[in-house]
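Take a look at the structure below.
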Amino acid sequence: MQTDSSARRELKYKRIILKLSGEVLKNPESGDPIDPEILLRICNQLKEIWDFGMEIGVVVGGGNIFRGLQGEGKGVARTTGDYMGMLATVINSMAIMDCLEKLGVVTRVLSAIRMDEVAEPFILRRAIRHLERGRLVIFGAGTGNPYFSTDTTAALRANEVQAEIILKATKVDGIYDKDPMNHKDAKKFHELTYMDCLNQRLKVMDSTAFSLCMDNGVPILVIDLNDPAAIKKAVTGDTIGTLVHT
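Note that the numbering used here gives residue 156 to position 165 of the sequence shown, counting from 1, and the numbers run on in steps of one.
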């Protein structure tokens, strides 16, 4: 149950969108698409801030199961592959919902593609109402249209529900001038403007998603989900990751 503890008063934001790549759910060693321990670790972080009274929307990718662009290399038409990827996001959404509900978090999955037996249809007013009533909302099936990434979904939903920030959870602790996995001398940025990212050609999100954020002034905070306290640190104002803003 959500509380009005002192922690709630310390929250920097009231309403957020958390963008998870499907890949973060995958076991890197066994290749299992959804690792129960990783899933539980993520859901525990979400429960912690939900208990503080945070209004939370989650957008999750499907790359751990199927990626639309991946299908083209296997003879699958791009549009068909994208729809397959959207269905994969619903599988991930249901897994997150199930885990959260077992932790006592009131959760709703809203799908951009109608599948009434497993999820509510995405209706903006309904989504906002769920958030206002303290329900954690998971947005499944992307935008419901091919050719749009789940990064774009996160940017779109953030604008629609008037979220104050997008937390983009990745496997690295921010944005670097080059790939820190391959370059030990990679420089981390703690804060950037949208124009900095464009001028330096830094990959934060795909261009459509990035434009939606830049044009509407939605900040993006890139954080490392391997840090078990990353989400809490982000919403309580600790210096963490890389912040992209106007």
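Using N, Cα and C, we set each Cβ at its ideal position, and we do this for glycine too. Since we're looking at a predicted model, the values are computed, not measured.
Candidates the options: closest to residue i by CA position
i: V163; options: L78, N217, R32, M75; result: N217
i: G54; options: R105, I166, S102, T141; result: T141
i: T161; options: A103, E123, G13; result: G13
i: T199; options: F180, T134, L101; result: T134
i: A154; options: M45, N190, G228; result: M45
i: A132; options: D107, L193, G64, D229; result: D107
i: T227; options: L30, E39, P27; result: E39
DSSP bridge partner residues for residue i (one or two, in chain order)
i: E46; result: R6
i: H236; result: T184
i: P112; result: S102
i: I214; result: A160
For residue i, the three-state DSSP class (helix, strand or coil)
i: V100; result: strand
i: E138; result: It should be pointed out that residue 138 corresponds to Tyr in this sequence rather than to Glu. Reduced to three states, the DSSP call for Y138 is coil.
i: F130; result: strand
i: V209; result: coil
Spatial distance of residue i from residue j (CA atoms)
i: M205; j: M196; result: 11 Å
i: L203; j: L11; result: 18 Å
i: I156; j: D215; result: 16 Å
i: N136; j: V128; result: 20 Å
i: D23; j: Q36; result: 22 Å
i: A221; j: L158; result: 10 Å
i: D168; j: I114; result: 39 Å
i: P19; j: E28; result: 12 Å
Close Cβ partners of residue i (< 8 Å) along its chain, the five nearest in sequence each way excluded
i: C34; result: I87, C90, L91, L94, V96
i: S(-3); result: Bear in mind that the predicted position of S(-3) carries a pLDDT of just 49, short of 50, making it too unreliable to give a figure here.
i: L212; result: I156, I157, L158, K159, A225, I231, G232, T233, L234, V235
Same chain only: Cβ atoms within 6 Å of residue i, ignoring 5 sequence neighbours per side
i: V15; result: L216
i: I25; result: L16, A86
i: T237; result: G208
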